[in-house]
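Novice:
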Amino acid sequence: MVGAHGPVFPSRPARAEGGHVSEPSGTPWPSRVAPDSVGGWHWDLDELGDLPQARSELRARIQGRDAVEVSEQVVLSFDEMASNALRHGRAPVKACVREAPGHWLVEVQDHAATRAPAPAVGRDPALGGLGLYIIADMATEHGWWPDGETKSVWATIPRRR
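With this note's numbering applied, the sequence shown closes on residue 161, and no number is skipped along the way.
(1) Taking the C-alpha atoms as reference points, what is the distance between Ser77 and Glu47?
(2) What do you reckon, are the CB atoms on Gly143 and Glu99 nearer than 8 Å?
(3) Please state if the CB of Val108 and the CB of Ser152 are separated by a distance shorter than 8 Å.
(4) Out of Val74, Pro101, Gly148, which one is the CA nearest neighbour of Ile134?
(5) Can you give the Cα-Cα distance for Cys96 and His42, rounded to whole angstroms?
(6) Which residues mark the beginning and the end of the alpha helix (DSSP H) in which His88 is found?
(7) Let me check understanding here. Comparing Cα to Cα, which of Ser56, Asp44, Gly102 lies closest to Pro35?
(8) Mind reading off the beta-carbon distance from Val162 to Leu45? Whole number of angstroms is fine, and I expect it under 8 Å.
(9) Just list the alpha helix (DSSP H) runs in the region 113-160, keeping only unbroken ones of 4 residues or longer that don't cross its boundaries, in chain order.
(10) Would you kindly work out how many angstroms separate the C-alpha atoms of Ala136 and Arg65, rounded to a whole number?
(11) Taking 8 Å as the threshold (C-beta atoms), are Ala82 and Ala54 in contact?
(12) Tell me whether the beta-carbon of Ala163 lies closer than 8 Å to the beta-carbon of Thr150.
(13) So Arg65 is in the alpha helix (DSSP H); what residue range does that whole segment cover?
(14) On the three-state DSSP scale, how would you describe Asp110?
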């Protein structure tokens with residue numbers, strides 16, 4: 001795992017009206033481009049074992065920048081999206097958290113461009129699979145977009161400071 005600064009994600013496709021890009025039918029996680037942002041904190045993740053260190057680094061960096069409950073929502077969103085990318089997408093996985101006016105942008109990229117994020121349907125909650133629902137509930141916006149051989153999954157968490 002490498003914590004780095006600088007551009008991580010490819011250039012975003014042009015937005016259609018409403019910010020949407022083509023969306024496969026039946027996809028409950030909307031296909032749309034993430035809001036523009038710059039900078040932030042970046043991680044390269046190769047396996048689930050990289051997540052504890054990344055979460056710890058994120059907590060240390062975000063501490064004091066927003067309300068404690070917002071910071072925890074950002075860390076939870078980061079962890080859920082990154083673990084989904086590592087479990088269901090393809091490595092390498094890149095994750096980024098950016099501070100923006102009014103929100104935090106959490107964005108994760110993997111190499112399974114044709115595999116849309118799919119919240120669990122009809123599964124016993126005790127078996128997991130609720131992460132995307134939790135993120136969607138906390139976020140002001142969320143989505144995903146494919147770009148060549150990669151896809152980005154993202155969410156904006158509202159700021160309180």
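Even for Gly, the Cβ is constructed at its ideal location relative to N, Cα and C.
Specialist: Let me lay it out:
(1) Ser77 and Glu47: Cα-Cα distance of roughly 17 Å.
(2) No, the Cβ-Cβ distance between Gly143 and Glu99 is not below 8 Å.
(3) Val108 is positioned such that its CB atom lies closer than 8 Å to that of Ser152.
(4) Val74
(5) 4 Å
(6) 68-88
(7) Gly102
(8) There is simply no residue 162 to check, as the chain begins at 1 and stops at 161 in what is shown.
(9) Taken in chain order, the complete alpha helix (DSSP H) segments of 4 residues or longer contained in the region 113-160 are 131-138.
(10) 22 Å
(11) One thing to note: Ala54 has its Cβ within 8 Å of the Cβ of Ala82.
(12) Because the chain is modelled from 1 through 161, residue 163 falls outside the range shown and cannot be assessed.
(13) Arg65 -> no alpha helix (DSSP H), and no H or E assigned at all.
(14) strand
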